[in-house]
Every structure is written in structure tokens, then in C-alpha cells.
Amino acid sequence: MDNKNAIEILLVEDNPNDIALTLRAFKKHNLLNKVHVVEDGEEALEFLFATGKYSSRDINNNPKVILLDLKLPKVDGLEVLRRVKSDDRTKKIPVVVLTSSREEQDMVESYRLGVNSFIVKPVNIDKFIDAVNKLRYYWLLLNETP
Amino acid sequence: MNPFNSFSIKNKLIAIILTVTFLTTGIGFALVVINEINHMKEDLIEKSNLTAKMMGEYCVAPIVFNDVDGIQEILKKINSLPNVITASVYDVNGALMTSYRKNDDLKIHEMLKQNVKATFKGDYLHFHRSIDNNGENIGTIGLFVSTTQMEKEIYSSIQTMLLLLACLITLSYFLATSFQKIISKPINSLRMVTKSISSSVDYSIRATKTTNDEIGGLYDDFNDLIEQIQFQQEAKDKAEEKLREHSVNLENEVQKRTIDLSKQMEEVEQLNQAMLNLMEDQRITNETLSTTSHQLRETNKELEAFAYSVSHDLRAPLRAIDGFAEMLFEDYGEKLDAEGQHQIDVIQQSARSMGALIDGLLKFSRLGRKGLHYSRIEMFDLVKDVLEQIKLTSSGIKIDLRMTDLLPANGDRTLIKEVLANLLSNAVKYSKQDDSIPITIGSRTEKTENVYFVKDNGVGFDMKYVDKLFKVFQRLHKPADYEGTGIGLALVQRIIYRHGGRVWAEGIVNEGATFYFTLPKEKDA
Chain A
2 MDNKNAIEIL LVEDNPNDIA LTLRAFKKHN LLNKVHVVED GEEALEFLFA TGKYSSRDIN
62 NNPKVILLDL KLPKVDGLEV LRRVKSDDRT KKIPVVVLTS SREEQDMVES YRLGVNSFIV
122 KPVNIDKFID AVNKLRYYWL LLNETP
Chain B
969 MNPFNSFSIK NKLIAIILTV TFLTTGIGFA LVVINEINHM KEDLIEKSNL TAKMMGEYCV
1029 APIVFNDVDG IQEILKKINS LPNVITASVY DVNGALMTSY RKNDDLKIHE MLKQNVKATF
1089 KGDYLHFHRS IDNNGENIGT IGLFVSTTQM EKEIYSSIQT MLLLLACLIT LSYFLATSFQ
1149 KIISKPINSL RMVTKSISSS VDYSIRATKT TNDEIGGLYD DFNDLIEQIQ FQQEAKDKAE
1209 EKLREHSVNL ENEVQKRTID LSKQMEEVEQ LNQAMLNLME DQRITNETLS TTSHQLRETN
1269 KELEAFAYSV SHDLRAPLRA IDGFAEMLFE DYGEKLDAEG QHQIDVIQQS ARSMGALIDG
1329 LLKFSRLGRK GLHYSRIEMF DLVKDVLEQI KLTSSGIKID LRMTDLLPAN GDRTLIKEVL
1389 ANLLSNAVKY SKQDDSIPIT IGSRTEKTEN VYFVKDNGVG FDMKYVDKLF KVFQRLHKPA
1449 DYEGTGIGLA LVQRIIYRHG GRVWAEGIVN EGATFYFTLP KEKDA
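Protein chains in written order, with my numbering: chain A, 2 to 147; chain B, 969 to 1493.
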């Protein structure tokens, strides 16, 4: 651990209800203090590449995993994914796409752009919490990797 | 060409007869005349010989006595012989002793040689004869005899002959003219018959035979020939008549056909017009169709956008309802009484069921757009997969599966799996929850398709509602009794229809239901 205040999870989500639900799920698994939330694609890119209001951030201190909603204001999720996966500084960050649908196009395009995992947001909150819990896999994997 | 050939038969016959007559009689007469002339000459010589003999005998004495005058006197006696012109007496040496001439113009010629007694020279016969006295040659007597008389007689004889010849020829001409008819008449009459036939073209005319000779034979041959011609003519006439009849029939037939044809042409024309109208209608329909198709595409796009929107936008608030109800329950559940807790539960259940409905609808609408990926499906294995999934999601369920070897199918594996999942989960859902649920799955093959069925012993259904079974959102049971969205069987039907198959169901209330579906054999495989 380089920094105790390092952001472990970047949540890119515009829907405040979904944010609240997701954070509650993280809270249940004691991940809350390491989550940073951005509400649109542009802010997500600023955070990741330390530009704009995040220009003071250390770009080398990348989040361990990105949770990315696809339907976002300004810059959409697929574009964020494309930028992340096409930049050497960020392409190693695992990206988990959160989506409310199983629309094939989204899935196919996400995989094409190099997404690491795909979670369909279920209506049932319990299932969603289960799904978030599975993210611990990435968390653990990255913690064990120097 | 020999001009003789252009003569008529009559003239030819006459000419032949006259020529033959003329030649034969002419030659005959000529021989007679020549014979006559010879006779006359011999006769003259004979007479001259007698005269010379007589005068020689008379002159024996004078010669013996060399009495020239006596001889002269004897010689003068020739005056009584009109033909004898000159008489001369020669001595034994051939020298002229004396001569007597009726005409002084005449010369006394040299005595002829001894061996020649008589010779005709000019108009005269020179004749010499020795004068013997008791067998001793004492001189020669010579005579000049005029042949004029004889010639006159010859001419006369010739004239007579010629006259006779002329008479014979004339007679012969008349006879020939008369007799040639025997030959020329039947020939001419045959010719007339021929002319008559050829001018009237009447082959029934026959030549009447009058003789039994070659001409008669010719008549017979001619009649035979005409008969053959007549026969052929009749046959030809009959043939022509038939031909004419046929021709008329043909014309009638052609006319009839032409009328038929024109009628048919009219019909074709009408049909063509109808076809054109149809084509015009078709074109309009096509235009409409193309417009409709375009509209349909637009609608599909809109539907897609709608589905996307539904899946994203409708699910998010549902998630919030469910999630926040959960949060409410977790954070404040203790402060609520049992009724309040139940109400939270109802909120969550409703949100989840609406989520399931949206998922079902999305799945159903996606089917309309998704392309089918055909492959061979081992139905037996697929059923086992599906059952495993059902057992996983519904714990504590025991299924008594009765399944024989299922026929392999040809179709989209994912979709057929969806069909089986729906039918099997329905079978489980609607069965009585005893220790184990009996489900029978089977198949049979028919001409062009395989029939599969899933049979349960569950609540079944009333056959009068069978039409409602496969309709979207149509349910035969209350949600409180059996969960469900009313989309499952509609989905099954849509998948099977897209594969070109059929789907139907049989049921008896409280005894069970059997769902059948068919899949065409080897479609696009």
C-alpha cells in the first residue's frame, strides 16, 4: 500500500438512487471509505487522467477497479471505457461495466473495448449486493499483486 | 426432212401404188419394146437375107458370064422392094462389079469384111451375102436397106406402149385412190376420234373397229389406252373431288379455328388487361408494401429504442423502489409493526415482479429481431441441462422425469433451450408439490417434422381457454396461486413459429396438461 488514502474503487454512476444503493452495498462489505464517486463520464476521465479539477491528483495512484455505468451524461460509459483501455497509463485498471440491461449491443461493444467484467444491475437489491460482493475478487487480486 | 414424210397417208399410199405400177409396167413395157426392136431387126435382116439370096441366085448366071448389064437388070428389081435402097454386086475378090441406087445421093460403100454380114449404120442396114454357084463363091451381093420403116413401126409400138402405160397408170391411180381408203380411212377415223377426245376431254368415247388387221389391233390398243386414261381420269377426278371436299372442310375448319383463335385472343387480351390491372394493383400494393415495410423498419427502430429505454430507464426506478424499501426495512423495520413490515414486503415483491415483466417483455421483443443460428441439437442433453438449472433455482424439488431417447432437432440452440425451460418450469410450477413431480417428455417423427411434448400431472386447464394460453399477458391462474408474467408461453409460440413449427396444448382441469411443439426436419441444415 503506497497510500492509505488511495482510492480503491472508482464508481462512475449518475443515478443518485443507484449510487446510494451501491454505496450501501459497499458499506456492508467495509469498502465504503475507499470508494470515489463521479457522476458523469467527463469527470471520470478528469479523475483518471488527473486533469481539470483533479489536476492535483497523482496520476500514478490509480484506482484498483472501475465500476462503470454505461448510460452517462456528457461522455458515455463506452467512450470512457475506450479511453481507459487505449491509454497505457490506465489500460491495466480492471473495468467492470454496470448496466441495467442485457442489451447485446452494449455487451458486445464493451467486450470489444476490453471490459474485464459485466454486471447487470438486478431489480432485486439482494442480488445486486451479491454482485458487488463478487467485485472483491478484483480487489483481492490487485491487493495480492505488487 | 424428206418431203415424202409430209404427205398424208392417202397420198403416200397413192404415190407408192403409182410408183410401183409405173415401175413394173414401165420395165415390162420397155422389155417388150426392146424385144420387139430386136425382132424387127432380125426380121429385117432375115428379109434382106432372102432378098439377097434370091437376087444372088438370079445374078449367078450374069456373074459367071460377067454380064454387068444383066446384073444391073436384076439389081433394078429392088425398085419393087421399098426398103432396099441400094444393091451392089462384088466379084470374088471383092471388087465392085456394079450397083444400083434408088437415090443418087447415096454412095456405094466399100464391101464389108467377109465375116460381117449385117450391120446397122445410121438409117440403114448394111447387108452382105456371098453368091455361090454349086458351092463355089463367085461373088458377093450387098444391100443398103432403109430402117426408116422399121423405126416408124418401133415408134408406133412405143407410142402404143406409152399410151397403154398412161392408161394403166390412170387406172392404177383411180384404183389406188379407191383402195387406199381401206387403210387410210380407219386411220383417219381413229385420228378424228383422238381429236374429238382431246377437244371434248371425254374419255368415254371409243373408236369403232371395222377391220381385224393391225389397224383393228391399233383400235383395240387405242381403246385400251383410252380406257386406262379414263380410269385414271376418274380416279383423278375422284381424288380431286375429295381434295376439293377436304379443301372446303379445311377452309371451314380454318375459319372455325380462326374464329376460335380470335375468341381466344380476345380472352387473352382480356386476361392481359386483367393481368395489367393486377400488375398495376400489385405495383400499388408493392408501393404500399414498400412504404409499409419502410414504416415497419422505422417502427422496429423505434421499438428497439423503446426496448433499450425500457430496460434502462424503467428498471432504474424499480431498483430504487426495491432497494430503498430494503433500506427502509433494514434501518427502520424494528419501528414498524407486522403490518408495516408486510407492506414493505409487498412493495418489494411488486417491484421485483415488474422487473420480471420487463425482462420477459424485452426477451420477447428481442426474438423478433434476432437472427436464428441453426445447428443440430441433442434434445436429450438439452432437457437435462434445463432440468439442472430448474433444480438449482428451485431448491428442494424432486422431479420424476420419464424420458425416452429424444429425436435430435435442428434449430437455434439458445432459443430451443428457452422453449424447453419455459415448458419444463411451467410443468414444475403447476404441479402439486408432493414428494416428486412426474414429468413425461417424448418425441415422435412425422413426414416433415418432429413432434415433441412435455406432459405433467398438474392443475391442467380448461380446454375452452386453450386459445388464451399462448397470448402475451394472458394467464389462466391468479398470481397469488402461481407466479408468472404471462409471457412464457407466448415466447414459446414465437420461437417455434420462427422455426417454422407448430405449437398446441391439451389439458384437463386438475389432471394435467400436455404441451406439444414441432420442428421441421433438416431446415437449412
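By construction, the Cβ of each residue, glycine as well, lies at the ideal position given by its N, Cα and C atoms. It should be emphasised that the depicted structure is a prediction, and the values quoted were computed from it without experimental measurement.
Classify residue i as helix, strand or coil using the three-state DSSP reduction.
{"i": "B:Ala-1473", "result": "strand"}
{"i": "B:Lys-1491", "result": "The predicted model places B:Lys-1491 with a pLDDT of 48, which falls under 50 and marks its position as unreliable; any figure quoted below should be read in that light. Here B:Lys-1491 sits in coil by DSSP."}
{"i": "A:Gly-53", "result": "helix"}
{"i": "B:Ile-1455", "result": "coil"}
{"i": "B:Tyr-1398", "result": "coil"}
{"i": "B:Phe-1088", "result": "strand"}
{"i": "B:Gly-1308", "result": "helix"}
{"i": "B:Ser-974", "result": "helix"}
{"i": "A:Val-76", "result": "coil"}
{"i": "B:Leu-1360", "result": "helix"}
{"i": "B:Leu-1049", "result": "coil"}
{"i": "A:Arg-58", "result": "coil"}
{"i": "B:Gly-1103", "result": "coil"}
{"i": "B:Leu-1296", "result": "helix"}
{"i": "A:Pro-147", "result": "The predicted position of A:Pro-147 is uncertain, since its pLDDT is 35 and thus under 50; a value taken from the coordinates is nonetheless stated next. If DSSP states are grouped into helix, strand and coil, A:Pro-147 belongs with coil."}
{"i": "B:Ala-1319", "result": "helix"}
{"i": "B:Arg-1443", "result": "coil"}
{"i": "B:Ser-1056", "result": "strand"}
{"i": "B:Leu-1437", "result": "coil"}
{"i": "B:Ile-1173", "result": "coil"}
{"i": "B:Asp-1368", "result": "strand"}
{"i": "B:Phe-1332", "result": "helix"}
{"i": "B:Tyr-1450", "result": "coil"}
{"i": "B:Val-1032", "result": "helix"}
{"i": "A:Leu-71", "result": "coil"}
Quick check on residue i - is its C-beta less than 8 Å from some C-beta in chain A?
{"i": "B:Gly-1291", "result": "yes"}
{"i": "B:Ala-1288", "result": "yes"}
{"i": "B:Arg-1283", "result": "yes"}
{"i": "B:Met-1295", "result": "yes"}
{"i": "B:Arg-1320", "result": "yes"}
Kindly give me the distance between the Cβ atoms of residue i and residue j, rounded to whole angstroms, as I take these residues to be in contact under 8 Å.
{"i": "B:Ile-1183", "j": "B:Ile-1137", "result": "With a Cβ gap of about 27 Å, B:Ile-1183 and B:Ile-1137 do not count as contacting."}
{"i": "B:Glu-1014", "j": "B:Ile-1122", "result": "B:Glu-1014 to B:Ile-1122, Cβ: 17 Å. No contact."}
{"i": "B:Gly-1323", "j": "B:Leu-1286", "result": "5 Å"}
{"i": "B:Ala-1144", "j": "B:Ile-982", "result": "5 Å"}
{"i": "A:Ser-111", "j": "A:Val-98", "result": "5 Å"}
{"i": "B:Ile-1315", "j": "B:Ile-1289", "result": "6 Å"}
{"i": "B:Ile-985", "j": "B:Ser-1140", "result": "6 Å"}
Could you give the residue range of the beta strand (DSSP E) that holds residue i?
{"i": "B:Pro-1406", "result": "1405-1413"}
{"i": "B:Glu-1417", "result": "1417-1424"}
{"i": "B:Tyr-1342", "result": "1342-1345"}
{"i": "B:Met-1065", "result": "1064-1069"}
{"i": "B:Phe-1121", "result": "Looking at the sequence itself, residue 1121 of chain B is Glu, so the reference to Phe does not match. No beta strand (DSSP E) contains B:Glu-1121, which is instead part of the alpha helix (DSSP H) from 1116-1168."}
{"i": "B:Ala-1377", "result": "1377-1380"}
{"i": "A:Val-188", "result": "Summary: the structure shown does not reach residue 188 of chain A, with chain A confined to residues 2 through 147, and so no result is reported for it."}
{"i": "A:Leu-12", "result": "10-13"}
At a cut-off of 7 Å, would you count residue i as near the ligand SAM, judging by its Cβ distance to the nearest heavy atom?
{"i": "B:Tyr-1465", "result": "Within the structure as shown, the ligand SAM is missing, as the structure has no ligands at all."}
If I follow the unbroken alpha helix (DSSP H) through residue i, where does it start and stop?
{"i": "A:Ser-129", "result": "Here residue 129 of chain A is Phe; the residue named in the question, Ser, does not match the sequence. First-last of the alpha helix (DSSP H) with A:Phe-129: 126-135."}
{"i": "A:Val-116", "result": "Run containing A:Val-116: none; DSSP gives neither H nor E here."}
{"i": "A:Ile-20", "result": "17-29"}
Cβ of residue i less than 8 Å from any chain B Cβ?
{"i": "A:Asn-4", "result": "Residue placement at A:Asn-4 is flagged as unreliable, the pLDDT there being 47, under the threshold of 50; the coordinate-derived value follows with that caveat. Chain B contact via Cβ: absent."}
{"i": "A:Lys-122", "result": "yes"}
{"i": "A:Asn-63", "result": "no"}
{"i": "A:Arg-58", "result": "no"}
{"i": "A:Asp-19", "result": "yes"}
{"i": "A:Ser-118", "result": "no"}
{"i": "A:Asn-134", "result": "no"}
{"i": "A:Ser-87", "result": "no"}
{"i": "A:Asn-125", "result": "yes"}
{"i": "A:Asn-16", "result": "yes"}
{"i": "A:Arg-25", "result": "yes"}
{"i": "A:Ser-111", "result": "no"}
In chain order, what residues of the same chain have a beta carbon less than 7 Å from the beta carbon of residue i, not counting five sequence neighbours either side?
{"i": "B:Leu-1325", "result": "Thr-1453"}
{"i": "A:Lys-128", "result": "none"}
{"i": "A:Thr-146", "result": "Confidence is the limiting factor: at A:Thr-146 the pLDDT is only 41, short of 50, which leaves the residue's position unreliable, though a coordinate-based value still follows. Closer than 7 Å at the Cβ level, and outside the excluded window around A:Thr-146, lies no residue."}
If you drop the 5 nearest sequence neighbours on each side, which residues of the same chain put their C-beta closer than 6 Å to that of residue i?
{"i": "B:Glu-1474", "result": "Thr-1482"}
{"i": "B:His-1096", "result": "Leu-1080, Lys-1085, Thr-1108, Gly-1110"}
{"i": "B:Lys-1423", "result": "Thr-1408, Thr-1482"}
{"i": "B:Ser-1333", "result": "Ala-1275"}
Establish whether the CB of residue i and some CB of chain D are separated by less than 8 Å.
{"i": "B:Pro-1050", "result": "The structure shown contains no chain D; its protein chains are A and B."}
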